[in-house]
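The next block holds one structure in the form of structure tokens; read it before the comments.
Protein chains in written order, with the numbering used here: chain A, 329 to 445; chain B, 5 to 113.
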């Protein structure tokens, strides 16, 4: 079975531009989460979506937005890019449902490495 | 508040044991453990749900003390493949997930 897939793998943008990152969860998984990982640090939670609804949001500015589609795939959008947005963006999927975060493992994609010039 | 892990880094020889600790200032209802190799995505290891629960997977096991708000990951007879950064993770509120500060582990031949 296919794992979590993310696209693109790498991306180079300049300050002020916007970017859209895509994620396809494992078949049967209804929950998708997005994380930002800066080199040398742990992943920082950005969003969680379940059944197309936002369930959780981390401490990120409104320049970051996301959505989930009926097929459970997801997009992360970042507007007005800053140099500090350079990072590895990870998508993780899980089955979802009641108490999902407490007892369900997250399966991560390989990430999109975003570089801002 | 991000869970704090200790030690920050550890170097082992093959066959040696290691313990990684995860401590939270807030109540923990579950603890997740992940390993991330350099340049790769985090890989799920195990979840602990109940206070005092212990779990094991081959030579990697973990304990969770809900009252102390702590979890420990035990790696016995370490192998080269155990090298990587280990993260504990927990849930803040209902749906906000937080990773710990991370522990870099390197196993030498």
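All C-beta atoms in this analysis are idealised placements derived from N, C-alpha and C, irrespective of residue type, glycine included. Bear in mind the structure is a predicted one, so any value in this text is a computation, not a measurement.
Item	Value
Residues within the stretch 385 to 402 of chain A neighbouring chain B, beta-carbon criterion of under 8 Å	385 and 386
Test: residue 350 (chain A) CB closer than 8 Å to a CB of chain B	no
Run of the beta strand (DSSP E) containing residue 305 (chain A), from where it starts to where it stops	Lying outside 329 to 445, the shown extent of chain A, residue 305 (chain A) is not represented and no answer is given.
Cutoff 8 Å: residue 371 (chain A) Cβ touching any chain B Cβ	yes
C-alpha gap between residue 413 (chain A) and residue 394 (chain A), whole angstroms	15 Å
Reduced DSSP category for residue 49 (chain B) - H, G, I as helix; E, B as strand; rest coil	strand
Contact set for residue 490 (chain A): own chain, Cβ-Cβ below 6 Å, skip 5 residues either direction	Only positions 329 to 445 of chain A appear in this structure, which leaves residue 490 (chain A) out of reach.
Per-residue burial, residue 366 (chain A) [other beta carbons within 10 Å of its own, 16 or more giving buried]	exposed
Residue 345 (chain A): contacting residues in chain B (beta-carbon distance under 8 Å)	Here the premise fails: no neighbours, minimum Cβ distance about 25 Å.
Three-state secondary structure assigned by DSSP to residue 411 (chain A)	helix
Minimum C-alpha distance to residue 345 (chain A) - residue among A:409, A:359, A:401 and A:355	A:409
Residue 63 (chain B) to residue 79 (chain B) span [Cα, whole Å]	6 Å
Backbone CA spacing between residue 69 (chain B) and residue 444 (chain A) [nearest angstrom]	42 Å
Cβ contact (3+ pairs, closer than 8 Å) linking the stretch 354 to 361 of chain A and the stretch 397 to 405 of chain A	yes
Opening and closing residue of the beta strand (DSSP E) in which residue 377 (chain A) lies	372 to 378
Positions along the stretch 402 to 421 of chain A whose CB lies within less than 7 Å of some CB in chain B	418
Proximal chain A residues relative to residue 102 (chain B), where beta-carbon distance stays under 8 Å	373
Reduced DSSP category for residue 417 (chain A) - H, G, I as helix; E, B as strand; rest coil	strand
Listed by chain order, chain A residues near residue 68 (chain B) by CB distance under 8 Å	Going along chain A, no residue has its Cβ under 8 Å from residue 68 (chain B), so there is no contact; the nearest lies around 12 Å.
Residue span of the beta strand (DSSP E) that contains residue 109 (chain B), given as start and end	107 to 112
Spatially closest choice to residue 93 (chain B) from B:22, B:34, B:113 and B:14, by CA coordinates	B:34
Residue range of the unbroken beta strand (DSSP E) whose run includes residue 343 (chain A)	Residue 343 (chain A) -> no beta strand (DSSP E), and no H or E assigned at all.
Residue 66 (chain B), buried or exposed, once every other Cβ within 10 Å from all chains shown has been counted against 16	buried
Chain-order list of residues whose beta-carbon lies under 6 Å from that of residue 104 (chain B) (same chain, five-residue window excluded)	7, 9, 26, 91 and 92
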